[in-house]
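Those protein sequence lines, which keep their order, are chains A and B. At position 287 of the first sequence (counting the first as 1) the number is 311 in the numbering used here, and the numbers step up by one without a gap. At position 272 of the second sequence (counting the first as 1) the number is 274 in the numbering used here, and the numbers step up by one without a gap. Beta carbons: idealized from backbone N, C-alpha and C, even for Gly.
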Amino acid sequence: MSDIAPQMWEKLEPGDAAPVAAAPSLTYWQDARRRLWANKPAVVSIVFIILLILAAIFGPLFSPYSYADQNLRLSNIPPAFETYSVADGQGGTIRFFLNASNFNLYEVDTDGHVLGLLRGERKDMLKKSQAFIFGDTTITLDYSSLPAKLVAADGAAITPSGWSWNRTFLFGTDQLGRDVLVRQLYGARISLTVAFVATLVNFFIGIFYGGIAGYIGGKTDAVMMRIVEIISTIPLTLYVVLLMVVFDSGLYSIIIAIGSVFWVDMARIVRGQILSLKQQDYVAAARTMGASTSRILTRHLLPNSIGPIIVTLTMLIPSAIFIESFMSFIGLGVTPPLASWGTLTSEAVETMRAYPHQLFFPAAAISLTMFAFNFLGDGLRDALDPRFRK
Amino acid sequence: MPAYILQRLGMMLLTLWAIVTLTFFLMHAVPGGPFVSERMLAPEIEAALNAKYGLDQPIWVQYLAYLRGIITFDLGPSFKYPGISVNTMIADGLPVTLQTGLLAVICVIALGIPLGIIAALNRNRWPDTTVMLLATIGVAIPSYVIATVTLYIFALRLGWVPTFGLDDWRGYILPVFALSGFWVSFVARLTRSSLLETFEQDYMTTARAKGLRPGQVLFKHGLRNSLVPVVTVLGPVVANLITGSFVIEQIFALPGIGRQFVLSITNRDYTAIMGITIFYAAALMVMILIVDLLYAVLDPRIKLTSATA
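If you want it as structure tokens, here you go:
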């Protein structure tokens with residue numbers, strides 16, 4: 025005790041007190057935002073999703089091709105190829121690449137722009153070869169044994185001069201010569217539109233149904249929840265399939281089909297939230313002040329249950345994307361020439377042995393998008409769920 | 003307990019009836035009849051066909067006839083393959099679908115639960131992060147993407163497994179992998195979080211304080227209690243896997259029910275679509291019922307009495 029300096033015992037003026045060491049108090053949303061920004065996968069996902077949406081909206085505008093432009097002379101071109109060069113007999117060189125799966129040669133320039141299909145001589149069906157004449161050099165394409173190879177006049181195999189990226193069609197072309205990149209972006213448009221609109225439809229049905237059941241309670245609630253129970257035991261994917269068979273495939277029908285079926289979880293969550301919230305004192309206070317049911321629902325109950333609702337919503341989006349691509353995959357999605365990621369994948373499966381690039385891009389796009397929405401959903405759940413608050 | 007089972011059975015029948023009704027009227031809402039095609043039939047022939055299948059009757063007569071058929075497990079004739087009933091179509095596809103489905107279920111239980119336990123026991127260390135990373139990948143990537151990509155890599159590029167068919171045991175690897183990938187990940191995540199929650203319980207501390215060996219604490223006290231939510235999802239999982247994912251069967255050309263279903267859709271074979279939908283739904287509901295009964299074995303706190311909702 026004797027260690028304490030005497031001046032420590034002196035009386036302080038009211039303003040002299042050391043500032044209280046406390047963090048400023050945060051509102052629910054500030055806290056949630058802070059937590060979400062601290063979650064790196066979630067932030068990366070948000071950036072990815074925003075970029076994806078921007079690319080889907082604006083990307084096709086910058087492309088010289090449309091999703092339906094066909095060019096059968098330039099079909100199934102890969103995004104990268106091995107180029108060969110030969111003298112053209114007039115002092116220059118011709119650069120070209122061999123598409124080893126359809127035995128065509130395509131002329132390219134030094135940057136990797138595809139200039140066109142090279143015309144060869146008549147195909148020798150017996151020897152399975154085709155001659156190409158460049159000025160005074162003759163090159164034979166020999167596809168009697170796979171992989172096909174290019175042979176010079178003296179019988180020696182020609183070695184490629186190097187790899188080059190396809191600068192004309194960055195992601196290559198599909199079997200009808202359509203640009204894979206543009207179709208990919210259009211696919212993103214369709215998939216995201218379907219996912220967002222269907223999720224919104226689910227959201228409104230779920231809020232409406234769950235809100236009413238939870239707020240009225242009693243017998244109404246019991247009956248409504250029984251119906252939900254029945255619906256949730258029905259395999260819903262089958263019902264989307266049935267609805268698609270009835271409506272016939274197309275963009276609107278798939279939105280309606282997905283939107284009208286997957287609202288059950290949302291209804292359950294909203295009901296649970298409303299049930300627990302309506303016992304709160306501030307609801308009783310609002311009621312004594314004469315607020316109407318709809319005002320209590322929209323001003324007090326729904327805003328306070330928004331956290332779990334947002335989390336469910338974010339989780340609904342990837343499942344909507346999945347169901348849409350799944351339907352498109354089994355041929356019940358959008359109609360050609362429109363494309364979604366599902367139709368792109370299923371088209372690519374037919375040709376994947378020869379042209380894996382057509383499979384790679386839509387598969388990667390859908391997987392990455394699903395990742396992003398899953399991470400974002402996890403992040404939002406951790407940020408918004410008060411049970412995880414420290 | 004019998005009262006509970008009876009009540010559940012009643013619920014199930016009610017749901018099945020709802021499904022049958024919904025499916026029936028949905029399929030009959032499709033514009034055009036099953037015999038309307040590009041090749042115009044003579045009106046007499048069409049009338050004769052309609053009469054043969056009872057399609058000239060008012061819709062409620064058809065509905066009652068269909069219900070009668072369902073009760074006697076008769077799903078009617080196929081509209082596209084003359085002489086073949088929907089029952090035969092299902093019976094033909096069932097063995098294949100059952101085989102792959104059961105293998106997938108075994109995978110989910112034998113891989114998903116242990117992976118979840120490993121992750122929970124090594125919380126925030128590398129086994130946990132690895133398992134969770136794999137599980138996130140497995141949950142996010144759609145099954146048909148897994149199927150096509152693995153088909154490309156392992157069957158077409160490396161040639162380790164056949165590209166289609168089930169003639170040899172290696173043919174099962176990819177379909178089962180693609181079929182169970184999502185659920186293995188899902189169950190691993192669920193087991194982990196459930197086990198971590200159980201570790202916080204007081205009785206776990208008590209068990210440890212008593213000086214039980216870690217293995218005993220984990221298996222007798224931890225695992226048994228944390229498996230309840232896992233078993234809850236296993237019901238629908240088993241049903242989903244056994245009824246088969248139609249896309250997987252389509253990709254690997256397995257002659258199962260799922261492929262039959264997709265074919266019926268492309269053929270617009272309405273009776274087959276109806277029949278297989280109803281079969282799927284019934285299978286799913288029986289599975290869920292079985293799992294609910296299994297609950298009581300795992301968790302004595304749940305008493306099988308009539309739920310008072």
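Neighbouring residues, chain B, relative to Phe421/A (Cβ below 7 Å): As displayed, chain A neither begins before 25 nor continues past 414, which places residue 421/A out of reach and without an answer.
Would you mind sorting Val63/B into buried or exposed? The rule is 16 or more other CB atoms within 10 Å of its CB. By the neighbour-count rule (16 or more Cβ atoms within 10 Å), Val63/B is not buried but exposed.
Asp93/A versus Ile278/A, Ile240/A and Arg202/A, residue with shortest Cα-Cα distance: By alpha-carbon distance to Asp93/A, the top candidate from Ile278/A, Ile240/A and Arg202/A is Arg202/A.
Could you tell me how far apart the beta carbons of Leu205/A and Ser87/A are, in whole angstroms, since I believe they sit closer than 8 Å? About 7 Å separates the two Cβ atoms, so the contact holds.
Same chain, Cβ closer than 8 Å to Leu286/B, neighbours up to 5 away in sequence not counted: Only Pro238, Ala241, Asn242 and Thr245 meet the Cβ criterion.
Taking the Cβ atom as the reference point for each residue, do Val32/B and Val269/A lie within a distance shorter than 9 Å? It is a contact, given that the beta carbons lie within the stated cut-off.
When we look at the beta-carbon of Pro79/B and count the other beta-carbons within 10 Å, is it buried (16 or more) or exposed? For Pro79/B, the number of other beta carbons within 10 angstroms of its own is at least 16, and it is reported as buried.
Put Glu131/A into one of helix, strand or coil per three-state DSSP. In the structure shown, Glu131/A sits in a strand (DSSP, three-state: E or B).
Exposed or buried, which one is Glu37/A when buried takes at least 16 other CB atoms within 10 Å? With fewer than 16 other Cβ atoms within 10 Å, it is exposed.
Per DSSP, what are the beta-bridge partners of Ser153/A in this structure? Its beta-bridge partners are Asp148/A and Asp166/A.
Who does Leu286/B pair with in a DSSP beta bridge? Looking at the DSSP output, Leu286/B shares a beta bridge with no other residue.
How do the region 258-265 of chain A and the region 344-361 of chain A stand: do at least 3 beta-carbon pairs fall below 8 Å, yes or no? Short answer: they touch.
With DSSP collapsed to three states, give me the class of Gln94/A. Secondary structure of Gln94/A (DSSP, three-state): coil.
Apart from the five residues just before and just after Gly260/B, which ones in its own chain have a Cβ nearer than 8 Å to its Cβ? Once the five neighbours on either side are set aside, the close Cβ partners of Gly260/B are Gly95, Thr99, Thr245, Gly246, Ser247, Phe248, Val249, Ile250, Glu251 and Gln252.
Are there 16 or more other CB atoms within 10 angstroms of the CB of Met339/A, so buried, or fewer, so exposed? Classification of Met339/A: buried, given that the 10 Å Cβ count is 16 or more.
Compare the beta carbon distance of Leu275/A and Val218/A with 9 Å and say whether it is the shorter of the two. For the pair Leu275/A and Val218/A, the CB atoms are nearer than the 9 Å cut-off.
For chain B, find out if any of its Cβ atoms is closer than 9 Å to the Cβ of Phe286/A; answer yes or no. So, not an interface residue.
Residues, ordered as in the chain, of the region 369-386 of chain A that lie near chain B by beta-carbon distance below 7 Å: So the close ones are Thr369, Val373, Met376, Arg377, Pro380 and Leu383.
Give the single residue among Trp19/B, Pro216/B, Pro116/B and Pro177/B whose Cα lies nearest to the Cα of Arg70/B. Taking Arg70/B as reference, the option from Trp19/B, Pro216/B, Pro116/B and Pro177/B with the minimal CA-CA separation is Trp19/B.
At the level of alpha carbons, what is the spacing between Ile280/A and Val225/A? Taking the CA atoms as reference points, Ile280/A sits about 8 Å from Val225/A.
Could you tell me which of Trp53/A, Phe127/A and Leu141/A sits nearest to Asp133/A, measuring between CA atoms? Its Cα nearest to that of Asp133/A, the residue Leu141/A stands out among Trp53/A, Phe127/A and Leu141/A.
Proximity test, Cβ basis, 9 Å: Tyr297/B and chain A: Using beta-carbon distances, Tyr297/B does not count as an interface residue toward chain A, since no partner is under 9 Å.
If we define contact as Cβ-Cβ less than 9 Å, is Asn398/A a contact residue for chain B? For Asn398/A, at least one C-beta of chain B is nearer than 9 Å to its own C-beta.
Nearest-angstrom Cβ-Cβ length linking Met290/A and Gly211/A, presumed shorter than 8 Å: Wrong, their Cβ atoms sit about 27 Å apart, outside the cutoff.
6 Å Cβ shell around Arg270/B - same chain, five flanking residues per side excluded: So no residue of the chain qualifies.
Quick check: the Cα distance between Leu291/B and Ser256/A, rounded to an integer number of angstroms? When rounded, the separation of the alpha-carbon atoms in Leu291/B and Ser256/A is 14 Å.
Just grab the DSSP bridge partners of Trp187/A for me. BP columns for Trp187/A point to Glu106/A.
Just to confirm the assignment, what range does the alpha helix (DSSP H) spanning Ile118/A have? No alpha helix (DSSP H) holds Ile118/A; the beta strand (DSSP E) holding it covers Thr117 to Asn123.
Residues sharing a beta bridge with Lys173/A, DSSP: Asp166/A.
Look at the Cβ atom of Ala372/A, then the Cβ atom of Val68/A, and state whether they are nearer than 9 Å. No, the Cβ-Cβ distance between Ala372/A and Val68/A is not below 9 Å.
When DSSP labels each residue in this structure, what does Phe158/A get in the three-state scheme? Assigned with DSSP and collapsed to three states, Phe158/A falls in strand.
Apart from the five residues on each side of it in sequence, which residues of its chain come closer than 7 Å, Cβ to Cβ, to Arg292/A? If you ignore the 5 residues before and after Arg292/A, its C-beta comes within less than 7 Å of the C-beta of Gly234 and Val252, all in its own chain and listed in chain order.
Interface positions of the region 124-155 of chain B facing chain A (Cβ-Cβ less than 7 Å), listed along the chain: Per Cβ criterion, the list reads Thr138, Val141, Ala142, Ile143, Pro144, Tyr146, Val147, Thr150, Val151 and Tyr154.
Got a sec: which bits of the region 249-272 of chain B sit with their beta carbon under 9 Å from any beta carbon on chain A, in order along the chain? Taking 9 Å as the Cβ-Cβ cut-off against chain A, the residues of the region 249-272 of chain B that qualify are Val249, Gln252, Ile253, Phe263, Val264, Ile267, Thr268, Arg270 and Tyr272.
Using the rule of at least 16 other Cβ atoms within 10 Å of the residue's Cβ for burial, across every protein chain shown, is Gly224/B buried or exposed? Of the other Cβ atoms in all chains shown, 16 or more fall within 10 Å of the Cβ of Gly224/B; this residue is therefore buried.
Count the other C-beta atoms from every protein chain shown that fall within 10 angstroms of the C-beta of Arg413/A, then say buried if there are 16 or more, exposed otherwise. Bear in mind that the predicted position of Arg413/A carries a pLDDT of just 45, short of 50, making it unreliable; the figure below should be weighed with that in mind. It counts as exposed.
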